[in-house]
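S.K.: Anchor point for the sequence shown: position 209 equals 375 in this note's numbering, and the numbering is continuous, going up by one each time. Before I ask anything, let me first share the structure, which is written out below as structure tokens.
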Amino acid sequence: MSIYFILTMIAALFCGALAVLVLVRDHRSFIHRIFAVGMIALALEAVLTALSVRAQTPEILIQWQRIRLLVGSFIPPIWLIFTLSFTREDYKESLKRMKWLLASCFTIPIILGIGMNKALIREVLLIEPSTWIIRLGWPGYLLQIFVLITIVIVLMSIERMLRSSRGHMRWQIKFMIVGLGSLFAVRIYTTTQTVLFRAVDMGLEIVNAGTLIVAGLLIIRSLLRLRV
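Shown next as structure tokens:
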């Protein structure tokens, strides 16, 4: 069994456990529910990466990667909602002010990821044993540009969240901020590589999985401090 497969499955199980943890704490809280949705999306993406790693034929790899690209495009918008809502008593007003941005962030993946799903991937190449390079079609390329832009917006929202916190609250949320910040900072690098070369390097997706585990540990540290 490949170490890459094991790593991505650990990341998926970790995210699933975090989703269950916050829902058990308070399943009626909007913040908890959107956090759980974000973690489930990350877990699903990790599972699809693991299945891609184990793919024996280009056809199976393309099948899993089409779904992974679609799921991955929804991850930044989901976490944008979380960062706009987290620690804010007036989160409904915050989301209302950003409604057109949020609407576009969910509409674009639907158009490109679902409407043009068959054209997301142009071809796959096996450059060495168990290492695939997935060349993107133009819808897949545009989708990755969209993902890169939304990741930048998420990081801006995380930075604003840090600046608006004070005193004890900052102490409570700093590991959450560092965890999410590191997760999306690494994704800026990996997504930029995808955009530059118009291809997905499966080796970089393993980097995302490893970062997800580290970010999850930091988030757990923050959850132990928080009472939201």
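All residues carry an ideal CB built from backbone N, CA and C; glycine is no exception.
Assign A183 to buried or exposed, taking buried as 16 or more other Cβ atoms, counted over all protein chains shown, within 10 Å of its Cβ.
M.R.: Exposed, since its Cβ has fewer than 16 Cβ neighbours within 10 Å.
S.K.: Go through the stretch 322-391 residue by residue and report every complete run of the alpha helix (DSSP H) that reaches 4 residues or more, in order.
M.R.: Qualifying alpha helix (DSSP H) stretches, in chain order: 333-363, 368-391.
S.K.: Over what stretch of residues does the beta strand (DSSP E) that includes I280 continue unbroken?
M.R.: First-last for I280: undefined, no H or E at that position.
S.K.: Between F248 and F201, which are expected to be in contact by the criterion C-beta below 8 Å, what is the C-beta distance as a whole number of angstroms?
M.R.: So it is a contact: roughly 6 Å between Cβ atoms.
S.K.: Classify R191 as buried or exposed, calling it buried when 16 or more other Cβ atoms lie within 10 Å of its own Cβ.
M.R.: Result: exposed.
S.K.: Give the range of the alpha helix (DSSP H) segment to which S250 is assigned.
M.R.: Checking the displayed sequence, the identity of residue 250 turns out to be Leu instead of Ser. That run of the alpha helix (DSSP H) goes 224-251.
S.K.: Do the stretch 271-285 and the stretch 294-310 meet, that is, are 3 or more Cβ pairs less than 8 Å apart?
M.R.: The stretch 271-285 vs the stretch 294-310: in contact.
S.K.: Across which residues does DSSP place R301 in a beta bridge pair?
M.R.: BP columns for R301 point to E289, A365.
S.K.: Tell me which residues share the same chain as L150 and place their Cβ nearer than 8 Å to its Cβ, disregarding the 5 neighbours each side in the sequence.
M.R.: What the structure shows of the chain is the stretch from 167 to 394, and residue 150 is not part of that stretch, so it cannot be assessed.
S.K.: Measure the CB-CB distance between L302 and A351 and report whether it falls below 8 Å.
M.R.: No, the pair does not count as a contact, with Cβ atoms beyond the cut-off.
S.K.: Under 8 Å between the Cβ atoms of I228 and L214?
M.R.: It is not a contact, given that the beta carbons lie outside the stated cut-off.
S.K.: Hey, L291 and V361 are a contact pair by Cβ (cut 8 Å); roughly how many whole angstroms apart?
M.R.: That pair is no contact at about 18 Å.
S.K.: Buried or exposed for A365, please, with buried defined as at least 16 other CB atoms from any protein chain shown within 10 angstroms of its CB.
M.R.: Classification of A365: buried, given that the 10 Å Cβ count is 16 or more.
S.K.: Considering Cα atoms alone, identify which of E255, P243, E225 is closest to I319.
M.R.: Per the Cα distances, P243.
S.K.: Just how far apart, CA to CA, sit M205 and E294?
M.R.: The straight-line gap from Cα to Cα measures roughly 32 Å.
S.K.: Pull up the distance between the alpha-carbon of I386 and that of V344, whole angstroms please.
M.R.: Each residue's alpha carbon lies about 12 Å from the other.
S.K.: I'd like the list of long-range same chain contacts for F189, defined as Cβ closer than 8 Å, with 5 residues on each side in sequence excluded.
M.R.: Residue 189 is actually Leu in this sequence, not Phe. So the list reads H198, R199, A202, once near-sequence residues are dropped.
S.K.: Assign S269 to buried or exposed, taking buried as 16 or more other Cβ atoms, counted over all protein chains shown, within 10 Å of its Cβ.
M.R.: With the sequence shown as reference, residue 269 is identified as Ala, and Ser is not the correct amino acid for it. Its Cβ having fewer than 16 others within 10 Å, A269 is exposed.
S.K.: Taking the CB atoms as reference points, tell me whether W230 and L210 lie closer together than 8 Å.
M.R.: Their beta carbons are not under 8 Å apart, which means W230 does not touch L210 by this criterion.
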